[in-house]
Structure formats: C-alpha cells, structure tokens
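The structure appears right after this line, and notes come after that.
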Amino acid sequence: MSTQGPPADAKTAQAAALHEIEAAQRRKRALEMSLANIEAQIAATEAVYLDETHTTGNVLKGFESYLKPPGTHHRRRADAEEERLFSGSSVKLQPVEHR
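In full-length UniProt numbering, the protein residues as written are 1 to 99.
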C-alpha cells in the first residue's frame with residue numbers, strides 16, 4: 001500500500017472542482033446582491049406609487065375615491081402593508097424597511 005497520497009490527476013481534478021465551487025459561490029453572491037438591489041428598488045417605487053395615489057385611488061385599492069366629494073379623502077395609513085403587493089411577493093420575502 002502506498003503512502004504517497006492520491007494520484008496527481010485526482011489532485012488536479014480536486015483543484016478544478018474547488019475552483020468551480022469558488023466561482024459558483026462568487027456568482028451566487030453577485031446574484032443575491034443584484035436581487036436585493038432589485039427588491040429595494042421595487043419597494044421604493046411601490047412606496048412612491050402608493051404615496052402618490054393614496055387620495056385618488058390606484059390599481060390595488062380601486063378608484064372609488066373619484067366618486068367622493070373633494071375634502072372627504074382619508075389620509076393614508078403609514079402601515080398599509082396590505083397594499084404592498086409587489087414588494088411582499090419577493091422570492092426571499094425579506095422585510096424591507098419603508099420610510
């Protein structure tokens with residue numbers, strides 16, 4: 001029985017496999033960062049949309065506000081999370097801090 005360790009081709013294959021794993025981990029981290037940035041952008045855009053349309057209505061709540069007399073609009077609740085359809089549908093479902 002030999003005590004020299006694995007053959008050279010096995011060492012080469014192991015080194016290549018480790019290199020592939022490291023490269024895949026770098027790609028995964030880059031994709032995760034990209035996903036987090038996209039999710040933050042979606043949440044920010046959604047917040048702007050909800051803020052801009054809270055008195056007139058929007059595609060999530062409907063446009064019934066147009067039928068109400070002026071001055072009877074209710075102020076938008078800051079914690080209206082049920083309106084956050086898009087940022088709440090994330091694959092990762094990480095809580096995003098809203099302003």
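A virtual CB, placed ideally from N, CA and C, is assigned to each residue, including glycine.
(message) Counting C-beta neighbours from all protein chains within 10 Å, is the total for Ser34 16 or more, i.e. buried, or is it exposed?
(response) Here residue 34 refers to the residue found at position 34 of the sequence shown. Classification for Ser34: exposed.
(request) Return the CA-CA distance between His98 and Val48, expressed in angstroms with no decimal places. (result) Translated into positions along the sequence shown, residue 98 becomes position 98. Translated into positions along the sequence shown, residue 48 becomes position 48. The predicted position of His98 is uncertain, since its pLDDT is 49 and thus under 50; no value can be drawn from it.
(message) So, for Ala13: in the same chain, excluding its five sequence neighbours on each side, which residues have a beta-carbon less than 8 Å away from its beta-carbon?
(response) Locating residue 13 in the sequence shown gives position 13, counting from the first residue. Correct list: empty, nothing qualifies.
(request) Could you tell me if Ser89 is buried or exposed, where buried requires 16 or more neighbouring beta carbons within 10 angstroms of its beta carbon? (result) Against the sequence shown, residue 89 aligns to sequence position 89. Exposed, by the Cβ-count rule.
(message) Quick check on the DSSP output: the alpha helix (DSSP H) that includes Val59 runs from which residue to which?
(response) Position 59 of the sequence shown holds residue 59. Careful: Val59 lies outside any alpha helix (DSSP H) and carries neither H nor E.
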